[in-house]
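Undergrad: Chains as they are written, first to last, in this note's numbering: chain A, 3 to 307; chain B, 219 to 506. Glycine is no exception: its CB is placed at the ideal position from the N, C-alpha and C atoms. Fair warning: this is a prediction, and the values are worked out from it, not measured in the lab.
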């Protein structure tokens with residue numbers, strides 16, 4: 003350090019050395035800044051206005067957009083249905099893949115590879131393609147699902163057009179499409195557990211459910227929480243494309259949720275301020291869920307190690 | 219009550235029986251899971267290749283009575299698929315080059331340089347993962363429109379040029395490259411760029427493969443953002459085009475399934491050949 007200061011010519015390389023990490027991160031920061039952070043700032047700004055996206059006139063309305071959301075019974079319905087989507091995601095994209103990973107841990111070698119491929123195939127299929135494929139499966143006449151149920155004498159249904167089943171039918175598509183990813187994460191987490199731990203537990207007589215409950219789950223805690231976090235946070239974004247392609251939130255908003263409604267407010271009804279308020283509330287909800295999850299993750303890690 | 223159950227279980231005969239039943243249940247659920255996951259893909263294939271008049275047959279036929287390969291040609295010619303495939307490939311390939319480059323630089327820096335604000339910047343970039351694009355899609359669209367990128371490849375590529383997920387992957391991978399290697403090269407007088415090119419990159423094959431595969435997959439499969447920014451049918455990518463085949467009153471399912479099958483072929487091939495990298499890449503995200 004001291005000899006660097008004596009020579010004048012070294013100050014330029016030194017400054018470069020200090021700046022270099024920032025320069026290397028700059029492209030990523032610029033793109034994420036311009037195309038994520040800046041729009042987030044703008045959407046927050048827009049949430050205080052009334053605007054239809056094309057007219058030059060924007061009216062400042064303060065917190066009116068937020069207040070009107072809270073006063074609207076439809077908003078609470080959307081909130082409830084969002085929670086339903088999250089519940090389905092917890093079942094289909096958290097419990098199912100983690101459980102299946104535990105059951106198939108013993109499948110090794112070639113057999114394991116083939117099995118992983120079968121489970122993972124939907125993950126490489128575009129979610130829009132998955133939606134179209136399931137639309138065909140759900141068809142009231144000629145659809146595979148109704149034909150299959152017919153084998154057992156169960157009457158068919160118009161799954162996507164029935165308010166009672168639309169949300170669940172979309173949920174099944176997202177569970178199918180996004181399960182493989184979480185399955186592989188859980189499997190990788192399980193395989194990373196040192197074999198000696200499992201052997202020791204077996205020798206001590208742990209078996210069946212008690213083995214899962216007291217040995218596998220604690221050792222798997224970081225992975226389990228990670229998968230749970232992604233399942234919760236991705237529930238609404240994952241359902242977005244199937245809803246857009248198949249039901250547009252219908253029939254009668256039966257398959258709608260907060261995220262899709264935000265999109266509708268903007269691109270269908272051109273109520274940019276309302277959409278902005280909904281977007282801000284969604285960000286707060288998702289951010290809150292994430293912080294809460296990270297705290298659990300943090301705590302479980304410090305207690306385990 | 220559970221004590222009684224425990225006593226019963228202690229009888230070894232019962233134990234064996236219950237073990238057998240348990241194994242059977244486990245096997246059945248494992249097989250059913252695989253069937254449910256894969257059968258829709260199989261169904262897509264069967265529908266695509268069977269005669270068109272067969273799809274509304276009253277009984278479900280699991281195997282086509284004959285293979286009608288001309289379905290694919292006919293379906294291809296119903297809409298401008300050639301243009302859409304050119305668009306999709308161009309967008310995915312250009313995006314791969316740009317995104318892999320940006321993510322490698324950033325990931326390497328976060329893994330191997332110590333600088334003030336490193337953790338804060340990293341967290342700020344990483345937290346973009348939690349915000350779904352639909353939340354800020356209106357201003358995003360306004361920005362892209364302002365830049366004159368509506369209906370262009372750039373409008374799809376640049377907003378997603380840096381992926382926090384990719385940066386995270388690279389950082390996790392490069393943290394496992396020993397600092398001593400880099401230090402040794404530095405003492406030998408290698409420039410920082412030479413170190414990156416000659417020391418770090420050759421060791422990063424697996425993570426580069428993962429990045430390429432995932433970036434290609436994301437761009438190839440994208441729907442939510444392209445549908446907003448690509449408005450002319452000429453500019454559509456394949457997923458947007460496929461959505462057009464879905465009619466309001468009538469859908470030609472044979473053609474639609476044929477074209478969806480073709481659209482997933484590139485990803486299926488990549489997946490079959492590089493399965494190991496998929497598993498690796500995903501494994502690394504779950505682990506710290």
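Can a CB atom of chain A be found closer than 9 Å to the CB of residue 295 of chain B?
TA: Within the second chain, residue 295 of chain B is the residue found at index 77, counting from 1. Closer than 9 Å: no.
Undergrad: Which value, in whole angstroms, describes the spacing of the CA atoms of residue 482 of chain B and residue 303 of chain B?
TA: On the second chain, position 264 is the one that residue 482 of chain B refers to. On the second chain, position 85 is the one that residue 303 of chain B refers to. Spanning the two alpha carbons is a distance of roughly 12 Å.
Undergrad: Are the CB atoms of residue 42 of chain A and residue 357 of chain B within a distance shorter than 9 Å?
TA: Counting from one through the second chain, the residue named residue 357 of chain B turns up at place 139. Counting from one through the first chain, the residue named residue 42 of chain A turns up at place 40. Taking 9 Å as the Cβ cut-off, residue 357 of chain B and residue 42 of chain A qualify as a contacting pair.
Undergrad: Cβ-heavy atom distance between residue 242 of chain A and the ligand FAD below 8 Å?
TA: In the structure on display, the ligand FAD does not appear, and there are no ligands present to speak of.
Undergrad: Quick check: is the beta carbon of residue 219 of chain A nearer than 9 Å to any beta carbon in chain B?
TA: Along the first chain, read from residue 1 onward, the residue named residue 219 of chain A stands at position 217. Taking Cβ atoms only, chain B never reaches closer than 9 Å to residue 219 of chain A, which makes this a no.
Undergrad: Can you name the residues of chain A whose CB is closer than 8 Å to the CB of residue 475 of chain B?
TA: Taking the second chain and counting its residues from 1, one reaches residue 475 of chain B at position 257. Residues of chain A passing the Cβ test: 135, 138.
Undergrad: Let me know the secondary structure DSSP gives residue 285 of chain B once reduced to three states.
TA: In the second chain, residue 285 of chain B corresponds to position 67, counting from 1. Note: residue 285 of chain B maps to coil in three-state DSSP.
Undergrad: Check whether the stretch 145-163 of chain A touches the stretch 193-211 of chain A, counting contact only when three or more Cβ pairs, one atom from each stretch, lie closer than 8 Å.
TA: Flag = no, the stretch 145-163 of chain A and the stretch 193-211 of chain A do not touch.
Undergrad: Within 10 angstroms of the Cβ of residue 71 of chain A, are there 16 or more other Cβ atoms? Answer buried if so, exposed if not.
TA: For this step, residue 71 of chain A is matched to residue 69 along the first chain. Classification of residue 71 of chain A: buried, given that the 10 Å Cβ count is 16 or more.
Undergrad: If you follow the alpha helix (DSSP H) that residue 353 of chain B is in, where does it begin and where does it stop?
TA: Here the question's residue 353 of chain B lines up with position 135 in the second chain. Here residue 353 of chain B belongs to no alpha helix (DSSP H), and DSSP marks it neither H nor E.
Undergrad: Once you ignore the five residues that flank residue 168 of chain A on each side, which residues in its own chain have a CB closer than 8 Å to its CB?
TA: As a first step, residue 168 of chain A must be located in the first chain, where it is residue number 166. Result list for residue 168 of chain A: 161, 162, 249, 252, 253, 256, 257, in chain order.
Undergrad: Just mark residue 191 of chain A as buried or exposed, buried being the case when its beta carbon has 16 or more other beta carbons within 10 Å.
TA: As a first step, residue 191 of chain A is located in the first chain; it is residue number 189 there, counting from the start. With 16 or more Cβ atoms within 10 Å of its Cβ, residue 191 of chain A is classed as buried.
Undergrad: State yes or no: is the beta carbon of residue 118 of chain A nearer than 9 Å to at least one beta carbon in chain B?
TA: By one-based count along the first chain, residue 118 of chain A stands at place 116. Taking Cβ atoms only, chain B reaches closer than 9 Å to residue 118 of chain A, which makes this a yes.
Undergrad: Would you call the stretch 49-69 of chain A and the stretch 364-383 of chain B in contact, with 3 or more CB pairs under 8 Å?
TA: Result no; under three Cβ-Cβ pairs closer than 8 Å.
Undergrad: What residues from chain A crowd round residue 354 of chain B, counting only those whose CB sits closer than 8 Å?
TA: Position 136 of the second chain, counted from the first residue, corresponds to residue 354 of chain B. In chain order: 38, 41, 42, 44, 45, 281.
Undergrad: Identify every residue that forms a DSSP beta bridge with residue 61 of chain A.
TA: Numbered from its first residue, the first chain carries residue 61 of chain A at position 59. Its beta-bridge partners are A:52.
Undergrad: Distance check for residue 16 of chain A and residue 22 of chain A, CA to CA, integer angstroms please.
TA: Counting from 1 along the first chain, the entry for residue 22 of chain A is found at position 20. Counting from 1 along the first chain, the entry for residue 16 of chain A is found at position 14. Residue 22 of chain A and residue 16 of chain A: Cα-Cα distance of roughly 10 Å.
Undergrad: Taking only beta-carbon positions, decide if residue 289 of chain A is within less than 9 Å of chain B.
TA: Within the first chain, numbered from 1, the residue matching residue 289 of chain A stands at position 287. At least one chain B Cβ lies under 9 Å of residue 289 of chain A.
Undergrad: Determine the direct distance from the alpha carbon of residue 238 of chain B to that of residue 244 of chain B, and round the result to whole angstroms.
TA: Sequence index remark: in the second chain, residue 244 of chain B carries index 26 (1-based). Sequence index remark: in the second chain, residue 238 of chain B carries index 20 (1-based). Rounded to whole angstroms, residue 244 of chain B to residue 238 of chain B spans 10 Å at the Cα level.
Undergrad: How many Å lie between residue 497 of chain B and residue 185 of chain A at the Cα?
TA: Mapped onto the second chain, residue 497 of chain B falls at position 279. Mapped onto the first chain, residue 185 of chain A falls at position 183. Their Cα atoms are separated by approximately 10 Å.
Undergrad: Here's a check: name, in chain order, each residue in its chain whose Cβ is nearer than 7 Å to the Cβ of residue 421 of chain B, leaving out the five neighbours to either side.
TA: Taking the second chain and counting its residues from 1, one reaches residue 421 of chain B at position 203. Answer for residue 421 of chain B: 395, listed in chain order.
Undergrad: Please determine if the stretch 318-334 of chain B and the stretch 381-398 of chain B are in contact, where contact requires at least 3 C-beta pairs separated by less than 8 Å.
TA: Short answer: they touch.
Undergrad: May I ask you to report which of helix, strand or coil DSSP gives residue 275 of chain B?
TA: As a first step, residue 275 of chain B is located in the second chain; it is residue number 57 there, counting from the start. Coil.
Undergrad: Determine contact between the stretch 373-380 of chain B and the stretch 440-450 of chain B, defined as no fewer than three beta-carbon pairs at a distance below 8 Å.
TA: Enough Cβ pairs lie closer than 8 Å, so yes.
Undergrad: Under 9 Å, do residue 290 of chain A and residue 46 of chain A count as touching if we go by C-beta distance?
TA: Position 288 of the first chain holds residue 290 of chain A. Position 44 of the first chain holds residue 46 of chain A. Not a contact, by the Cβ cut-off of 9 Å.
Undergrad: I want to verify the contact list: residues of chain B whose CB lies under 7 Å from the CB of residue 234 of chain A, in sequence order.
TA: By one-based count along the first chain, residue 234 of chain A stands at place 232. In chain order: nothing, as chain B lies at least about 10 Å away.
Undergrad: At least one CB of chain A closer than 9 Å to the CB of residue 415 of chain B: is that the case?
TA: Looking up residue 415 of chain B in the second chain gives position 197. Not closer than 9 Å to any Cβ of chain A, the Cβ of residue 415 of chain B fails to qualify, so no.
Undergrad: In or out: residue 298 of chain A buried (at least 16 other Cβ within 10 Å) or exposed?
TA: Residue numbering aside, residue 298 of chain A sits at position 296 when the first chain is read from its first letter. With fewer than 16 other Cβ atoms within 10 Å, it is exposed.
Undergrad: Residue ranges of each alpha helix (DSSP H) run of no fewer than 4 residues wholly in the stretch 69-156 of chain A, ordered along the chain?
TA: Listed in chain order, the complete alpha helix (DSSP H) runs (minimum 4 residues) inside the stretch 69-156 of chain A are 75-92, 98-105, 111-126, 129-140, 146-153.
Undergrad: Going by Cα to Cα distance, which pick from A:33, A:31, A:20, A:85 is closest to residue 284 of chain A?
TA: For the purposes of this step, residue 284 of chain A is taken as the residue at position 282 of the first chain. Selected option, being the one with the closest Cα: A:85.
Undergrad: My output table needs one value for residue 196 of chain A: the three-state DSSP class, helix, strand or coil.
TA: Translated into the one-based positions of the first chain, residue 196 of chain A becomes position 194. If DSSP states are grouped into helix, strand and coil, residue 196 of chain A belongs with coil.
Undergrad: Which residues in chain A sit within 8 Å of residue 274 of chain B, going by Cβ to Cβ distance?
TA: Reading the second chain from its first residue, position 56 is the one you call residue 274 of chain B. Within chain A, the residues near residue 274 of chain B are 143, 144.
Undergrad: Is there a Cβ of chain A sitting closer than 9 Å to that of residue 238 of chain B, yes or no?
TA: To locate residue 238 of chain B, count along the second chain from 1; it is residue 20. No, residue 238 of chain B does not count as interfacial toward chain A.
Undergrad: Are there three or more Cβ pairs, one per stretch, closer than 8 Å when the stretch 260-268 of chain B is compared with the stretch 281-300 of chain B?
TA: They touch, by the three-pair rule.
Undergrad: What is the DSSP secondary structure of residue 209 of chain A, counted as helix, strand or coil?
TA: One-based indexing of the first chain puts residue 209 of chain A at position 207. Residue 209 of chain A: coil per DSSP, three-state reduction.
Undergrad: Could you check if residue 467 of chain B is buried or exposed, using at least 16 other CB atoms within 10 Å of its CB as the buried criterion?
TA: Translated into positions along the second chain, residue 467 of chain B becomes position 249. When all chains shown are included, residue 467 of chain B counts as exposed.
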